[in-house]
Structure formats: C-alpha cells, structure tokens
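Working notes, structure below.
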Amino acid sequence: MQVNYHTHTWRCNHAEPDERAYIESAIAHGVKVLGFSDHTPYPFPDGHTSWFRMSVEEAPRYFALIRQLREEYKDRIEIHVGVEAEYYPAVFPALLELLREQQCEYMLLGQHYLFNEEESIYSATATDDPALLIRYVDQTIEGMATGLFTYLAHPDLIHFTGDESLYRLHMRRLCRAARELDMPLEMNLLGFHDKRHYPDRRFWELAGEEGNRAVLGYDAHSPAAFTWRELEDQGRRLLADVGLTPEEHLPLRSIMG
Numbered sequence: 000m001q002v003n004y005h006t007h008t009w010r011c012n013h014a015e016p017d018e019r020a021y022i023e024s025a026i027a028h029g030v031k032v033l034g035f036s037d038h039t040p041y042p043f044p045d046g047h048t049s050w051f052r053m054s055v056e057e058a059p060r061y062f063a064l065i066r067q068l069r070e071e072y073k074d075r076i077e078i079h080v081g082v083e084a085e086y087y088p089a090v091f092p093a094l095l096e097l098l099r100e101q102q103c104e105y106m107l108l109g110q111h112y113l114f115n116e117e118e119s120i121y122s123a124t125a126t127d128d129p130a131l132l133i134r135y136v137d138q139t140i141e142g143m144a145t146g147l148f149t150y151l152a153h154p155d156l157i158h159f160t161g162d163e164s165l166y167r168l169h170m171r172r173l174c175r176a177a178r179e180l181d182m183p184l185e186m187n188l189l190g191f192h193d194k195r196h197y198p199d200r201r202f203w204e205l206a207g208e209e210g211n212r213a214v215l216g217y218d219a220h221s222p223a224a225f226t227w228r229e230l231e232d233q234g235r236r237l238l239a240d241v242g243l244t245p246e247e248h249l250p251l252r253s254i255m256g
C-alpha cells in the first residue's frame with residue numbers, strides 16, 4: 000500500500016510510542032502518503048474521559064508534533080494529521096470547534112460506541128440485540144451524512160450474533176447509504192492481524208452487491224503494521240471475491256467548513 004490514512008499514536012493508550020518509528024517504517028515499506036488519525040479527544044461536558052483516546056489537553060501537542068514531522072520528512076513522504084472520531088450527536092458540535100481550532104485536516108468515522116458513549120457498550124461487544132444493531136446502523140449513517148468524514152473505518156465493527164436476516168437487512172442499509180453519500184468503506188487489516196470478528200465476509204458481500212467504494216487501512220497501532228503484506232493481499236483477495244477494487248489514492252475531506 001502506498002497510502003494509509005489510519006495510523007495511531009501512543010496517546011490513545013493502546014498503541015506503541017514514537018511517531019518517528021511509524022514514519023520510518025512506512026517509508027521503508029513503500030508508503031508514500033501517511034495520515035495520522037489517532038483517536039480524537041472528545042470534550043464531554045461532564046468531564047467524562049475515555050480509556051482509548053487522547054485527552055483534550057494532549058490535542059495541541061499532537062497536532063503540532065505531526066505538523067513538525069511533516070515538515071521534517073517532506074522530501075521523503077507526504078504526511079497528514081487528522082483523527083478517528085465517533086459521531087456523538089450531543090457532543091459533535093463541540094468536537095468540531097476543538098478540531099477546527101487545531102486545524103485538523105481530516106476525520107475518519109469509527110463508531111466505537113453508540114449514543115453519546117457514556118450510556119453505551121463497545122460496538123464490538125458480541126450482542127444479539129436487534130436494537131443495538133439498528134442503533135449502530137442509524138447512528139453511523141447520521142455520521143456519514145454530515146459530509147465531514149473521509150471514510151468509514153471498520154464499518155463491520157458491530158458484532159451482531161443474532162438473526163442473520165436482520166444483520167443483512169440493516170447492514171445493507173448502511174452499505175446503501177454509504178454508496179448514496181459517496182462514502183468509502185475500509186477493509187481493516189488490523190482485524191485480520193488480531194483475528195477479530197471483522198473484516199466480516201457477510202458485510203463485504205453486501206458491499207459488493209451495493210457497489211460500494213472500498214479502501215484498505217492498516218489501522219496501525221505499531222510501526223510493524225506497515226510490514227503486513229500478506230494481510231494486505233488477504234484484504235485485496237476478499238474485495239476481489241465480492242467484486243470490489245480498493246482505491247489507491249483517496250482525497251481528504253476537509254472539516255474546516
């Protein structure tokens with residue numbers, strides 16, 4: 000892969016440190032365009048903090064450092080700085096204000112929790128509750144409809160173990176909305192690496208039937224992610240099996256308004 004927009008840093012509390020190591024590994028393994036998109040700070044009004052994202056206080060240093068590295072490495076690789084963010088309706092306007100102040104270049108949509116996070120379980124928790132499946136699809140569609148996200152990361156994150164026909168009905172709604180909104184869907188290579196429940200072939204069959212746009216994403220939490228050639232090939236084979244071809248170069252959607 001020559002382009003990866005899904006790269007984390009230590010600030011999310013579950014990735015390896017040293018941004019330079021990610022950049023050097025990306026360069027060594029043929030990446031030409033690297034986007035950092037760590038888990039966004041979220042300015043919850045009651046002071047709630049998430050275990051898996053940077054704090055609001057860490058945001059200025061994150062953006063400043065990546066911009067500094069972008070300048071330092073400009074003759075070797077193209078670097079961008081963004082975030083991976085959930086769509087939380089009650090807090091989203093405050094998030095946009097924060098990110099625009101920091102001149103964030105782009106957002107990836109990753110709907111890790113539902114509602115406004117605090118009253119929700121992790122989206123990847125196994126569930127047979129149709130209400131959670133429906134909520135995941137509805138809220139993800141609402142997020143895509145803002146027009147502010149560059150692509151939908153791990154769209155098959157919801158781990159629904161209930162009625163198969165319900166899964167296909169509602170995830171087809173998600174795929175159809177993504178196509179209508181011109182929103183690319185990410186084949187997430189970290190899921191392969193960690194043997195998670197995604198990428199989910201059922202979902203990608205629906206995406207193929209709906210003719211969705213697709214991209215590959217390392218979802219890098221360590222510099223070693225850029226060595227995953229076999230997993231990249233696995234992702235390309237699955238996409239080919241369902242009639243999709245991943246896009247190699249994807250324009251970023253600005254959030255600056």
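Position 200 (the sequence shown) corresponds to 199 in numbering that gives the first Met the number 0; numbering is contiguous. Note that beta-carbon positions come from the ideal geometry of N, C-alpha and C, so glycine has one too. Just so it is clear, the structure is predicted and the values come from calculations on it, not from any experiment.
inquiry  = Let me make sure I understand the geometry here. Which of S164, S253, Q233 has the alpha-carbon closest to that of K194?
reply    = Against the sequence shown, residue 194 aligns to sequence position 195. Among S164, S253, Q233, the Cα nearest to that of K194 is on Q233.
query = Where DSSP assigns a beta bridge to Y21, which residues make up the other side?
reply = Working through the sequence shown from its first residue, we reach residue 21 at position 22. For Y21, which the question treats as bridged, DSSP gives no partner whatsoever.
request  = Answer with buried or exposed for T149, where buried requires no fewer than 16 other C-beta atoms within 10 angstroms of its C-beta.
outcome  = Translated into the one-based positions of the sequence shown, residue 149 becomes position 150. The residue in question, T149, is buried, as its Cβ has 16 or more Cβ neighbours within 10 Å.
query = Which residues share a DSSP beta bridge with E185?
reply = Sequence index remark: in the sequence shown, residue 185 carries index 186 (1-based). In the DSSP assignment, the residues bridged to E185 are V214.
key: Complete runs of the alpha helix (DSSP H) confined to the segment 67-126 [at least 4 residues]   = Restricting attention to alpha helix (DSSP H) runs no shorter than 4 residues, the segment 67-126 encloses them at 91-100, ordered along the chain.
ask   = Between L151 and M182, what straight-line distance do the alpha-carbon atoms span, to the nearest angstrom?
value = In the sequence shown, residue 151 corresponds to position 152, counting from 1. In the sequence shown, residue 182 corresponds to position 183, counting from 1. Rounded to the nearest angstrom, the two C-alpha atoms are 7 Å apart.
message = Does the structure place the segment 98-114 close enough to the segment 51-69 that three or more beta carbon pairs sit under 8 Å?
response = They touch, by the three-pair rule.
request  = Could you say which of R69, L237, L215 lies nearest to W203 if we only look at CA atoms?
outcome  = Against the sequence shown, residue 203 aligns to sequence position 204. It is L237 whose Cα lies nearest to the Cα of W203.
query = With 16 as the cutoff for other CB atoms within 10 Å, does A89 come out buried or exposed?
reply = Here residue 89 corresponds to residue number 90 of the sequence shown, with the count starting at 1. Exposed, by the Cβ-count rule.
Assigned exposure category for Q67 - 16 Cβ within 10 Å defines buried = Taking the sequence shown and counting its residues from 1, one reaches residue 67 at position 68. By the neighbour-count criterion, in which 16 or more other beta carbons inside 10 Å mark a residue as buried, Q67 falls on the exposed side.
Unbroken beta strand (DSSP E) run spanning L251, endpoints = Taking the sequence shown and counting its residues from 1, one reaches residue 251 at position 252. Unbroken run through L251: none, as it is neither H nor E.
query = At what residue ranges does the segment 22-50 contain a whole run of the beta strand (DSSP E), taking only runs of 3 or more?
reply = As far as the segment 22-50 is concerned, its whole beta strand (DSSP E) runs of at least 3 residues are 32-38.
ask   = Are the segment 40-52 and the segment 152-163 touching, with three or more C-beta to C-beta distances below 8 Å?
value = The segment 40-52 is not in contact with the segment 152-163.
ask   = In three-state DSSP terms, what is L230?
value = Taking the first residue of the sequence shown as 1, we reach residue 230 at position 231. It is helical.
ask   = Does the segment 72-90 come close enough to the segment 172-188 that 3 or more CB-CB pairs lie under 8 Å?
value = By the Cβ criterion, the segment 172-188 is not in contact with the segment 72-90, since fewer than three pairs of Cβ atoms, one from each stretch, lie closer than 8 Å.
inquiry  = What would DSSP say about V136, mapped onto helix, strand or coil?
reply    = On the sequence shown, position 137 is the one that residue 136 refers to. DSSP places V136 in helix when its eight states are reduced to three.
Y150: first and last residue of the uninterrupted alpha helix (DSSP H) it sits in = In the sequence shown, the residue the question calls residue 150 occupies position 151. Looking at the DSSP string, Y150 is not in any alpha helix (DSSP H), and its letter there is neither H nor E.
A239, DSSP secondary structure in three states = Here residue 239 refers to the residue found at position 240 of the sequence shown. Here A239 carries a helix assignment [DSSP, helix/strand/coil].
task = Look up N3 in the DSSP assignment and give the residues it is bridged to.
result = As a position in the sequence shown, residue 3 is number 4, starting the count at 1. As computed with DSSP, N3 is found in a beta bridge with L33.
task = Please check if any C-beta of chain C sits within less than 9 Å of the C-beta of V55.
result = No chain C is present in this structure, which holds just one protein chain.
ask   = Apart from the five residues on each side of it in sequence, which residues of its chain come closer than 7 Å, Cβ to Cβ, to W50?
value = Working through the sequence shown from its first residue, we reach residue 50 at position 51. Here W50 has N12 as same chain residues with Cβ atoms under 7 Å from its own Cβ, once five neighbours each way along the sequence are excluded.
request  = Let me know the secondary structure DSSP gives A219 once reduced to three states.
outcome  = Indexing the sequence shown from 1 puts residue 219 at position 220. Assignment of A219 by DSSP, reduced to helix, strand and coil, places it in the strand class.
task = Please check the pair E231 and L188, which I expect to be a contact at CB under 8 Å, by giving their CB distance rounded to whole angstroms.
result = Counting from 1 along the sequence shown, the entry for residue 231 is found at position 232. Counting from 1 along the sequence shown, the entry for residue 188 is found at position 189. Indeed they touch by this definition, with Cβ atoms about 6 Å apart.
message = Suppose you measure from the CA of S275 to the CA of M186; what does that come to, to the nearest Å?
response = An answer regarding residue 275 cannot be provided, because it is not within the stretch 0 to 256 covered by the chain.
message = I believe H5 touches E104 by the beta-carbon criterion, under 8 Å. Please report the beta-carbon distance rounded to the nearest angstrom.
response = For this step, residue 5 is matched to residue 6 along the sequence shown. For this step, residue 104 is matched to residue 105 along the sequence shown. Contact between H5 and E104 is ruled out by a C-beta separation of about 14 Å, above the 8 Å threshold.
inquiry  = For F159, list the residues DSSP reports as bridge partners.
reply    = Here the question's residue 159 lines up with position 160 in the sequence shown. T126, per the DSSP bridge assignment.
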